[in-house]
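Here the working numbering is used: position 59 in the sequence shown is 70, and no number is missing along the way.
To start, the structure itself, in structure tokens.
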Amino acid sequence: MILHKGELLERDMRRENVSHHEIYSAFRRQGYLQPGDSNWVVLANGSTLTVIPRKHIGLIDAALMSDVTSVAEPR
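So, in structure tokens, the structure goes:
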């Protein structure tokens, strides 16, 4: 996980070697403007950044993220 509830996880970004530029590019490619537009950004398959928007996630869907781990966010 690279972003959680709109907050960039700098420690995870460094660990995964992901730059701010790459994250903002992923936002633009997927039609979002800023980190606050998303609940999460996840790094899938070691190379693809996926933006999961705030407005489309309900409480039941959020449970699907329960197995995603983060160095910065303890489980």
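Glycine included, each C-beta is placed from N, C-alpha and C at the ideal position.
If you're wondering where the values come from, they're calculated on a predicted model, not measured in any experiment.
Within the same chain, and ignoring the five residues on either side of Glu18 in sequence, the residues whose Cβ sits closer than 8 Å to its Cβ are Pro46.
Judged by DSSP secondary structure, Ser36 falls within the alpha helix (DSSP H) whose first and last residues are His31 to Arg40. An exposed status is given to Ser36, since fewer than 16 other beta-carbon atoms sit within 10 Å of its beta-carbon.
Annotation: the continuous alpha helix (DSSP H) that includes Met24 extends over Glu21 to Glu27.
Leu54 counts as buried, since no fewer than 16 other beta carbons sit within 10 angstroms of its beta carbon.
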